[in-house]
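In what follows, a single structure is set out as structure tokens and then discussed.
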Amino acid sequence: MVKRISIVISTLLLYPNIAMAIQGGSSSSDITQIDANNNIASGPRASAGSNGFITGFPNGYGGTGGNNNIVLGSGNSGDGGDGGGASRHGATGGAGGNNNIVLGSGVSGTGGNAINTTVTDWTYGGAGGNNNISIGGGTTGVGANLAQTGGTGGTGGSNNLALGINSYAGNANGFTSGNNGGIAIGSSDTLSTVASGTNSIALGTGSVSSGKNSVSIGSSSIDGGLENVVSVGSSAQTRKIVNVTAGDINSISTDSVNGAQLFITNQAVLTAQTTANTAKTTADSALTNAATAQTTA
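If you want it as structure tokens, here you go:
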């Protein structure tokens, strides 16, 4: 196997560009390309835009467009400024916008300040918007301040966090609008963890939080689209909450109460019932005695 190394150094627009292609065999089908300023492109089918850095491997296309992007590995692309990434043997991904980082195969980051990481092969994904973080094979991140881990996940809108396979935060998995501030953590081969409500949180495989400011905790937990609620299960799978401290009991309290407090209340009710029953027995006896006295009088 003959190794071929080509190094191209360009000084276009008074800024240094470096392109490197390293591959086995004699094939000339792989092209390393650089555009604009201050770029480094390494590996077949790797391209870098302005102030970009990319390292590519076979079996995919890598690229950065815009300014200050970094892409490491094949099958990734970065579009926009100030971004970066890495991949292994992937297929077609990208980072767009500014300050993006793409790490992993077939991952893309679009928008500003995006980070994508994966080691999964032959997958597709993307991150759009600003301040994005996407981690995992086939990941998709769209929006600002986004983080994602796993495969086949997605985020939409801004300030979303998705961690795990088939996890979605914001606009993903058929949802028509992407909301902001969603957090989805969980993984499954068949189920999806979805946080589609604004500022909603879904924790656990297959959990869904679609209501505004709602939280779904545990596998298959669903908030039913209700706003400002916490769900720990569903109608088909209920759970109990344990280790709850005693809440304040007064006219303005919004605290939850625990089993010990309810036990004390139940004991007080039983005591009151016993007292009432004793009083009734005494009263009934008095009535009987009065009736007897009246009969014998």
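With numbering that gives the first Met the number 0, the residue at position 205 of the sequence shown is 204, and numbering never jumps. Ideal Cβ placement from N, Cα and C applies to all residues, glycine included.
Query: In DSSP terms, what I251 is bridged to; Result: According to DSSP, which records beta bridges pairwise, I251 is partnered with nothing at all.
Query: Contact check, S340 vs I200, beta carbons under 8 Å; Result: Examination of residue 340 is not possible in this model, given that the chain is present from 0 through 296 alone.
Query: Per-residue burial, D222 [other beta carbons within 10 Å of its own, 16 or more giving buried]; Result: buried
Query: Neighbourhood of G224 by C-beta distance below 6 Å, restricted to the same chain and skipping five residues each side; Result: S209, G210
Query: 8 Å Cβ cutoff met for V228 and S220; Result: no
Query: Short Cβ contact (8 Å threshold) for G196 with G217; Result: no
Query: As assigned by DSSP and simplified to three states, the class of L202; Result: strand
Query: 8 Å Cβ cutoff met for V243 and N265; Result: no
Query: Terminal residues of the beta strand (DSSP E) in which I216 lies; Result: 214-216
Query: For V207, three-class secondary structure by DSSP; Result: strand
Query: Residues bridged to V229 [DSSP beta-bridge criterion]; Result: V214
Query: Inter-residue Cα distance where the pair is G276 and L269; Result: A small correction: the amino acid at residue 276 is Asn; Gly does not occupy that position in the sequence shown. N276 and L269: Cα-Cα distance of roughly 10 Å.
Query: Which residues DSSP lists as bridging I221, in chain order; Result: V207
Query: V297, buried or exposed, once every other Cβ within 10 Å from all chains shown has been counted against 16; Result: Outside the shown range of the chain (0 to 296) lies residue 297, about which nothing can therefore be said.
Query: Minimum C-alpha distance to I240 - residue among S250, D247, S255; Result: S255
Query: Alpha-carbon spacing of G205 relative to E226, whole angstroms; Result: 19 Å
Query: CB-CB length for A259 against A271, believed under 8 Å; Result: At roughly 19 Å, the Cβ-Cβ gap does not stay under 8 Å, so A259 and A271 are not in contact.
Query: The alpha helix (DSSP H) enclosing K279, as first and last residue numbers; Result: 258-295
Query: Neighbourhood of A235 by C-beta distance below 6 Å, restricted to the same chain and skipping five residues each side; Result: none
Query: Pairwise C-alpha distance: S252 and I340; Result: Residue 340 is absent from the structure shown; the chain starts at 0 and stops at 296.
Query: Contact set for L286: own chain, Cβ-Cβ below 7 Å, skip 5 residues either direction; Result: none
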